[in-house]
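Here's the structure, in structure tokens; my notes come after.
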Amino acid sequence: MLSAVPVFVALAGLVSTVSGHACMWHNSMYGFNVTDNTFSYDNRPQVPLYNMDFDQWWMHGHKDYPPNAGDFLELPAGGKINAEISCDKGATSWYTSSQGGDVGFGSDFACPGAQPSAIHATGIDDVKGCALAIAYQSDVNALKPEDFVIFSVNQTCVWYLNTEFEVPKLPACPEEGCHCAWFWIHSIDSGSEQIYMNAYKCKVTGDVGSQPLGQPALPRRCGADPDNGRANATPGNCTVGAKWPMYWYQKEGNNMFEGTYEAPYYNDLYGFSNGAQHDVFYDGTIASQASFTVTTPASAPTTHVSVVTSSAAAATSNVAASNPKPASSSNPEPASSSKPEPASSSAAEATSSSASATVTCRKRSNKKKRDAKAKRSHARHLSGHHH
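What follows is the structure in structure tokens.
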């Protein structure tokens, strides 16, 4: 199961892991052991999805590479999980099945040894959040994009290797389990127009709830958006209740049609609060027309799980059974002992066999952005109308 305790990241002094992409690693993942040689193109789980046919981007094209029987992502109802998000499986507790083996640096940065640009951000203030979704459908061949509902968001994602997700009091899955998915859309300032999606077999554990999820609706652009001339949020334009994931910038199957420089994000810009999505049990609707009010539990969501590093412990164990004090959501910076320290530019140029990437992201041109903004009319999301 996915551990709720921090991971001891083993030190590997001479090996650098650099990749411009990331994913949430767990053995319940479809495509968990896919390498850059499995497909005719680099389709490792951490590679981004851009301008692809449906069968290529849906479940990352890994539907035929299921996890082993009995491997589930376990979601404690009303609890929390610690997810390991990294550019390289070798930096996580799953390193034994990585192409390049253990490449951990004793850092809680998602891409140890790399610059922040490896996770498409200029710094932690530029990260845009990622999300977990669940579908109460056991048959992968019957699973559809509209079956997924976002149930948890972490707005400091992708940044920390150990990233905490709160789980609302979800109902139990069918006997054969549910399907879950991890979604990420990064900042437009440091990369290309891409989405990230990975699928998992999952099940809800513990004191499960009895209330079914609501009928999801499309998220709506409603937060403060100064880059597009909207200094203030328009909360009445938010979608409240259950929300679908955002499928964007593919050849087919999109449900979001924002332009190149109006990427949709899993944060307040699209009405996603940090932590468990406690409105997931209500049918999705526009906030100004909603007939329900959602009460959020008083405990503030945490943003990541502090990592404990020890070269001595790393030699014998990869998982620690300690109880760290998580950081407050209002103070997402880790303690100095665990604060990610991106490598120098010279170190960032090095690669390991398990982190080499064939997909590159072009840098943004400010001039191109200004020209595009001058020419376009705001999408219906920006004007308060949806497609």
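Count the sequence shown with mature numbering (1 follows the signal peptide of the UniProt record, and there is no 0) and you get residues -20 to -1, 1 to 367, in order.
Glycine included, each C-beta is placed from N, C-alpha and C at the ideal position.
What number of angstroms, rounded off, separates the C-alpha of residue i from the C-alpha of residue j?
i	j	result
Cys341	Val27	Per-residue confidence for Cys341 stands at a pLDDT of 48, beneath the threshold of 50, marking its modelled position as unreliable; the derived number appears in the next sentence. Near 11 Å, if we compare the C-alpha coordinates of Val27 and Cys341.
Ser167	His100	6 Å
Asp42	Tyr229	According to the sequence provided, residue 42 is His. The question's Asp does not apply to it. Between His42 and Tyr229, the C-alpha separation is close to 19 Å.
Val129	His6	20 Å
Pro322	Ser77	Its pLDDT being 43, under 50, Pro322 is placed unreliably in this model, and the value from its coordinates should be taken loosely. Answer to the nearest angstrom: the Cα atoms are 25 Å apart.
Leu141	Gly103	15 Å
Pro46	His40	12 Å
Ser279	Phe237	Note on Ser279: pLDDT 49, under 50, position unreliable in the model; the coordinate value appears next. In a straight line, the C-alpha of Ser279 is about 35 Å away from that of Phe237.
Gln120	Met32	The sequence given here places Val at residue 120; Gln does not occur at that position. Their backbone Cα atoms lie some 20 Å apart in a straight line.
Asp22	Leu29	11 Å
His1	Ala161	17 Å
Val274	Val220	9 Å
Ile61	Ala94	26 Å
Tyr75	Phe272	46 Å
Trp164	Cys137	8 Å
Cys218	Ala270	10 Å
Val260	Pro196	8 Å
Ser8	Tyr245	25 Å
Asp263	Asp127	14 Å
Asp105	Ala90	15 Å
Phe34	Gln174	14 Å
His88	Arg24	The sequence shown places Asp at residue 88, not His. Using only the alpha carbons, I get a separation of about 22 Å.
Trp224	Asp248	15 Å
Ala256	Ser20	38 Å
Tyr10	Tyr116	17 Å
Ala152	Trp38	25 Å
Gly50	Asn208	47 Å
Ser190	Phe145	21 Å
Using 8 Å as the threshold, is the C-beta distance between residue i and residue j below it?
i	j	result
Asn235	Leu193	no
Phe252	Gly109	yes
Ile65	Thr185	no
Tyr250	Arg200	yes
Cys67	Tyr176	no
Gln79	Thr18	no
Ala222	Asn212	no
Ser97	Pro154	no
Gln135	Asn254	yes
Which residue comes first and which comes last in the alpha helix (DSSP H) that contains residue i?
i	result
Phe34	Phe34 to Trp37
I need the boundaries of the beta strand (DSSP E) containing residue i, first residue and last residue.
i	result
Val133	Val129 to Asn134
Met9	Here Met9 belongs to no beta strand (DSSP E), and DSSP marks it neither H nor E.
Lys181	Tyr176 to Thr185
Phe163	Cys158 to Trp164
Ile99	That residue, Ile99, is in no beta strand (DSSP E); it is neither H nor E in DSSP.
Glu144	Asn142 to Glu146
Leu112	Cys110 to Ala115
Ser253	Neither: Ser253 is in no beta strand (DSSP E) and is coded neither H nor E.
Pro56	Leu53 to Pro56
Ile65	Lys60 to Ser66
State the CB to CB distance for the pair residue i and residue j, rounded to an integer number of angstroms; the pair is presumed to be in contact (CB under 8 Å).
i	j	result
Lys181	Phe12	Their Cβ separation, rounded to whole angstroms, is 11 Å, which puts Lys181 and Phe12 out of contact at 8 Å.
Lys183	Glu54	6 Å
Pro92	Ala71	5 Å
Gly58	Val147	7 Å
Please identify the residue among the options whose C-alpha is closest to the C-alpha of residue i.
i	options	result
Ile114	Val107, Val133, Ser97 and Asp106	Val133
Pro125	Met226, Asp248 and Gly239	Met226
Gly239	Gln269, Ala256, Ala211 and Ser172	Ser172
Ala111	Lys231, Arg24 and Ala179	Ala179
Phe131	His258, Ala267 and Ser190	His258
Thr214	Gln174, Gln79, Ala243 and Ile266	Ile266
Ala243	Ala49, Ser87, Val107 and Trp74	Val107
Asp169	Gln191, Val188 and Tyr241	Tyr241
Lys231	Ser8, Gln36, Met9 and Ser190	Gln36
Ile159	Asp248, Asn208 and Ala122	With the sequence shown as reference, residue 159 is identified as His, and Ile is not the correct amino acid for it. Nearest option by C-alpha distance: Ala122.
Ser268	Gly233, Gly86 and Cys202	Cys202
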